[in-house]
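Residue numbers (my numbering): 1 to 313.
Here the structure comes first, spelled out in structure tokens, and everything after it is commentary.
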Amino acid sequence: MSKTAIIIDTDPGQDDAVAILTALGSPRLEVIGISAVAGNVPLPLTTQNTRIICEWANRQDVPIHAGCAHPLLRPLVTAEHVHGKTGLDGVPLHSPTMPVQEEHAVDFIIRTLRERAAGTVTLCMLGPLTNLAMAIVRAPDIVGRIKEIVMMGGAYFEGGNITPSAEFNIYVDPDAAATVLGCGAAITMVPLDVTHKATTSPARIAMLRTLPNRAGNLAADIMTSLERLDVQRYGINGAPLHDPAVIAYVLQPSLFSGKRVHVAVEQGSELTLGATPVDWWGVTGKHPNVNYLTEIDAEGFFALLASNLATLP
Ligand code: RIB
Ligand code: CA
1 MSKTAIIIDT DPGQDDAVAI LTALGSPRLE VIGISAVAGN VPLPLTTQNT
51 RIICEWANRQ DVPIHAGCAH PLLRPLVTAE HVHGKTGLDG VPLHSPTMPV
101 QEEHAVDFII RTLRERAAGT VTLCMLGPLT NLAMAIVRAP DIVGRIKEIV
151 MMGGAYFEGG NITPSAEFNI YVDPDAAATV LGCGAAITMV PLDVTHKATT
201 SPARIAMLRT LPNRAGNLAA DIMTSLERLD VQRYGINGAP LHDPAVIAYV
251 LQPSLFSGKR VHVAVEQGSE LTLGATPVDW WGVTGKHPNV NYLTEIDAEG
301 FFALLASNLA TLP
């Protein structure tokens, strides 16, 4: 079976780490490269964490590219309160030795989309959309060459997680989000409306601990750290696994359901900056620009994570 070629753009980030490990463990994915962006923690740390995660998977072959250090127009907002000062709370971190490529992430995205056959590369966006927006502004010709953008971001029925009305990835760079959502490429959005239905639980974490390898236990440790925070802070019964849902959708879209709708981004109001109004009932008459996911088979999702994590060292 031919592999699905993907680029992962990421701001690790505890849930990013589980997503990247899941992708690297899948025999059905070709991870062409990973581009780091500022988000959960500043760029130097998201880049270093990407190296650490690839070394956990013994995948020093995967090219890592550092990208944009701050949003297109706004100061960077980070999320150490969730992911810790390192961005990877919950697990011991080593000093990575694998290199970072000289080529900037924006150039890497443009070059790869121009070099690969049109319609063959899926972009898995796990953080703020700054790198991709910059690539689109610099090289509009790449839009028609993208197979699909699968992006973790947005919220509508669920409400926001960084402000009452905005999800973090969109909030950090709403202008980049508007550029991507308006570019015309095929887009699937993985918003809080669906990720909040795929939360960790002691039983699901225990299932990962039965895996005989280090990666399974690393993922379990990360989830335990995430879960502790979310249960204490928000009183919910487990931690949403946001970014792994992007990889799960690429691998098994049948686990999800949603609707093609028009989604916009608030770029002006300080009160609702980064909000993603979803035209669920088509009242604006605007052309639907995204496949907006709202439902997930949570048990199937965790089984998929486990089966791919199990192949790692
Ligand atoms: O709102 C959740 C998203 O913001 C996830 O991608 C998480 O890693 C943070 O980047
Ligand atoms: Ca992320």
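All C-beta atoms in this analysis are idealised placements derived from N, C-alpha and C, irrespective of residue type, glycine included.
In this text the structure is predicted, and so the values were computed from the model without any measurement.
Can you find a heavy atom of ligand 1 that lies under 8 Å from the Cβ of residue i?
i           : result
residue 40  : yes
residue 11  : yes
residue 262 : no
residue 153 : yes
residue 131 : no
residue 248 : no
residue 229 : no
residue 173 : no
residue 83  : yes
residue 79  : yes
residue 88  : no
residue 162 : yes
residue 188 : no
residue 22  : no
residue 305 : no
residue 195 : yes
residue 192 : yes
Could you name the residues that DSSP lists as bridge partners for residue i?
i           : result
residue 278 : 263
residue 43  : DSSP output for residue 43 lists no bridge partner at all.
residue 35  : 9 and 65
residue 150 : 124 and 188
residue 30  : 5
For residue i, name the three-state secondary structure that DSSP assigns.
i           : result
residue 65  : strand
residue 87  : coil
residue 112 : helix
residue 254 : helix
residue 268 : coil
residue 195 : helix
residue 117 : coil
residue 303 : helix
residue 80  : helix
residue 97  : coil
residue 166 : strand
residue 171 : helix
residue 155 : coil
residue 60  : coil
residue 309 : helix
residue 144 : helix
residue 74  : coil
residue 55  : helix
residue 161 : coil
Along the chain, where does the alpha helix (DSSP H) containing residue i start, and where does it finish?
i           : result
residue 181 : 174–181
residue 283 : Unbroken run through residue 283: none, as it is neither H nor E.
residue 137 : 130–138
residue 16  : 14–25
Taking the continuous beta strand (DSSP E) assigned at residue i, which residues delimit it?
i           : result
residue 291 : 290–296
Just to confirm, does residue i get its C-beta within under 8 Å of one of the non-hydrogen atoms of ligand 2?
i           : result
residue 127 : yes
residue 107 : no
residue 169 : yes
residue 242 : yes
residue 297 : no
residue 15  : yes
Would you check whether ligand 3 has a heavy atom nearer than 8 Å to the C-beta of residue i?
i           : result
residue 223 : In the structure shown, ligand 3 is absent; the only ligands present are ligand 1 and ligand 2.
Is there a C-beta anywhere in chain D that falls below 9 Å from the one on residue i?
i          : result
residue 61 : The structure shown has no chain D; it contains just one protein chain.
- Can you list the alpha helix (DSSP H) stretches of 4 or more residues lying completely in the stretch 197–248, in chain order? 202–209 and 214–234
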